[in-house]
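Right, one structure below, let's go through it.
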Amino acid sequence: MSDALRSAAIEILKVNDRGSYTVPTKGLYPFQWNWDSCLTALGQRHFDPARALTEIETLFAHQWPCGMVPHIIFHAQDDGYFPGPEVWGCNRPVPTSGITQPPVAGFALRRLLDAAPDLQDRARPLLARITAWHRWFHATRDPQGSGLVAIIHPWESGRDNSVDWDAPFDRVPSDGVAPYTRRDTQHADAAHRPTKDQYDRYIWLVERFRGLGWATERLHYTSPFQVVDPGFNSILIRSCADLADLAVVMGEDAQAAENRALAAKGLAALPALWSDAHGQYLCLDRVAGRLIDNPSSGGLLAAFAPIPPDRAARIAASIEAHGTRFRVASQAPGTPGFDAKRYWRGPVWLVVNYMIADGLERAGQAEAAAAIRASSLRLITESGFAEYYDPLTGEGLGGGQFTWTAAMVLEFLSMQRSPAPAR
Ligand code: DGY
Numbered sequence: 131m132s133d134a135l136r137s138a139a140i141e142i143l144k145v146n147d148r149g150s151y152t153v154p155t156k157g158l159y160p161f162q163w164n165w166d167s168c169l170t171a172l173g174q175r176h177f178d179p180a181r182a183l184t185e186i187e188t189l190f191a192h193q194w195p196c197g198m199v200p201h202i203i204f205h206a207q208d209d210g211y212f213p214g215p216e217v218w219g220c221n222r223p224v225p226t227s228g229i230t231q232p233p234v235a236g237f238a239l240r241r242l243l244d245a246a247p248d249l250q251d252r253a254r255p256l257l258a259r260i261t262a263w264h265r266w267f268h269a270t271r272d273p274q275g276s277g278l279v280a281i282i283h284p285w286e287s288g289r290d291n292s293v294d295w296d297a298p299f300d301r302v303p304s305d306g307v308a309p310y311t312r313r314d315t316q317h318a319d320a321a322h323r324p325t326k327d328q329y330d331r332y333i334w335l336v337e338r339f340r341g342l343g344w345a346t347e348r349l350h351y352t353s354p355f356q357v358v359d360p361g362f363n364s365i366l367i368r369s370c371a372d373l374a375d376l377a378v379v380m381g382e383d384a385q386a387a388e389n390r391a392l393a394a395k396g397l398a399a400l401p402a403l404w405s406d407a408h409g410q411y412l413c414l415d416r417v418a419g420r421l422i423d424n425p426s427s428g429g430l431l432a433a434f435a436p437i438p439p440d441r442a443a444r445i446a447a448s449i450e451a452h453g454t455r456f457r458v459a460s461q462a463p464g465t466p467g468f469d470a471k472r473y474w475r476g477p478v479w480l481v482v483n484y485m486i487a488d489g490l491e492r493a494g495q496a497e498a499a500a501a502i503r504a505s506s507l508r509l510i511t512e513s514g515f516a517e518y519y520d521p522l523t524g525e526g527l528g529g530g531q532f533t534w535t536a537a538m539v540l541e542f543l544s545m546q547r548s549p550a551p552a553r
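The numbers in my numbering rise by one with no breaks, and the one at position 406 of the sequence shown is 536.
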């Protein structure tokens, strides 16, 4: 069985391979997405580690001079996606978007090179590039030096329409947005996607930042949407820590020290987001100056950082308490806003499962991690390689033949053979 799954997953990665980058899925997402690519490399490493490194190299070839790594690289013309390059207006040699995404590259590169040390020399230039991205986050998205960085657009979190953003989105206007036609709803069921009201606000923010010439150092303070997401920050912390470890192995001491310091700064600030009542971390609305009282998977994903073991145990218990047939729901079932089929308001996403399971395993929660991995593989055997899944029924939703879902399956299958190492 697992051989058949493995072959099916590899086939999807190959079908979506465009030579030097991989599209998330044909039709719905026809370009290169930032965190999709880094997580895709984790799948590719199981059958072609050199190709996996190319995936990350291609992404970083489009890093902006300020250090930001865009969330989309528009390598080829394709009218099937909105908003395309002309809406972003970023004025880059190869068009890109102007916002970023969860910085999972440091983690992915370390994992890739751990198993393929012969690629170290080729990968060396990436250390400085990823470090520059991490430095950019702290400089531009944490101007007051709190230790935690903010996202300024929901798309940056990857959790586009999470219930977490509902309250801060009340501050984002939607009037004056240029008329547009959505493309995502031509590829996937509109009832499983963000609403028109949310889309208007997504585009309002893009137009606002475009009006500021994409000067990334100015965007944070001028955005009505500034949210500190625990999942996003934990990915940054973990990537800084992992890149520091990798830099030590590769004899890059200055980069090791810088990343180590950034990881420590983030980790020291993370407890401010903890909620004892919810048994997980919460988002902070930086403009309103208060925590967002909502239990989404963003606060469970915080387990990806080296949080204290007692907090990891609480997170494991909170996931168990969801009581869904499949885990991990992106919004706690039964809470206001939960919708089992609508994108990030309930459905299960395998990339989030992967990172939560990895963190829980490292924190000594092996049973909880194994349950998440087993649940993920059951979704694949029941419903195929979908973009996301209904946590109650297991129905596959959104795009099909999904790249990062396939990549995570290769990771889960390899762990069945050799359990993940303890911290
Ligand atoms: C989309 O278009 O749905 C993406 O999530 C934004 O990058």
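Think of the CB as a built atom: it goes at the ideal place given N, C-alpha and C, for glycine as much as any other residue.
Small disclaimer: the values here were computed from a predicted structure and weren't measured.
query, result
"Reference tyrosine 310; option with closest CA among His322, Asp209, Gly428 and Phe468", "Asp209"
"Completely contained alpha helix (DSSP H) runs for the stretch 225 to 266, where each covers 4 or more residues", "235 to 245"
"Inter-residue CB distance, histidine 205 and tyrosine 151 (contact presumed, cutoff 8 Å)", "6 Å"
"At least three beta-carbon pairs within less than 8 Å, the stretch 385 to 402 to the stretch 449 to 463", "no"
"Among Val417, Asn424 and Lys395, the one whose alpha carbon lies nearest that of tryptophan 404", "Asn424"
"Tryptophan 285: CB within 7 Å of a non-hydrogen atom of the ligand DGY", "yes"
"Check: aspartate 383 C-beta below 7 Å from any heavy atom of the ligand DGY", "no"
"Inside the stretch 381 to 426 only - alpha helix (DSSP H) runs reaching at least 4 residues", "383 to 399"
"Whether aspartate 290 touches proline 284 by CB criterion (8 Å)", "yes"
"Where proline 233 falls, given that 16 or more other Cβ within 10 Å makes a residue buried", "buried"
"Distance cut-off 7 Å: isoleucine 202 Cβ against heavy atoms of the ligand DGY", "yes"
"Aspartate 290 beta carbon near the ligand DGY (any heavy atom closer than 7 Å)", "yes"
"Spatial distance of glutamine 356 from serine 137 (CA atoms)", "42 Å"
"The ligand DGY heavy atom lying under 7 Å from the CB of aspartate 314", "yes"
"Same chain, Cβ closer than 7 Å to glutamate 541, five either side skipped, listed in chain order", "Leu172, Gly173 and Tyr484"
"Distance between tyrosine 519 and lysine 326 (C-alpha atoms, nearest Å)", "22 Å"
"Whole-angstrom distance between valine 539 and leucine 507, CA atom to CA atom", "7 Å"
"Per DSSP, the bridge partner or partners of leucine 527", "Tyr518"
"Proximity winner among Tyr332, Thr533 and Gly288, relative to valine 307 (alpha-carbon distances)", "Tyr332"
"Separation of serine 427 from glycine 526, as counted between CA atoms", "19 Å"
"Ordered list of alpha helix (DSSP H) runs contained in the stretch 427 to 457, each at least 4 residues", "439 to 452"
"Of the listed residues Ala443, Ile140, Gln461 and Asp294, nearest to alanine 487 (C-alpha basis)", "Ala443"
"Alanine 446 and alanine 387 closer than 8 Å at C-beta", "no"
"Proximity to glutamine 564 [Cα-Cα], best of Arg301, Gln316 and Ala280", "An answer regarding residue 564 cannot be provided, because it is not within the stretch 131 to 553 covered by the chain."
"Between the CA atoms of proline 223 and glutamate 337 - distance to the nearest angstrom", "20 Å"
"Cβ-based burial, aspartate 294 [other Cβ within 10 Å; buried from 16]", "buried"
"Nearest candidate by alpha-carbon position, reference isoleucine 502, set Val481, Ser513, Glu517 and Phe161", "Val481"
"Selected residue, minimal CA-CA separation from threonine 184, among Thr170, Trp194 and Pro195", "Thr170"
"Three CB pairs or more closer than 8 Å across the stretch 372 to 381 and the stretch 313 to 327", "no"
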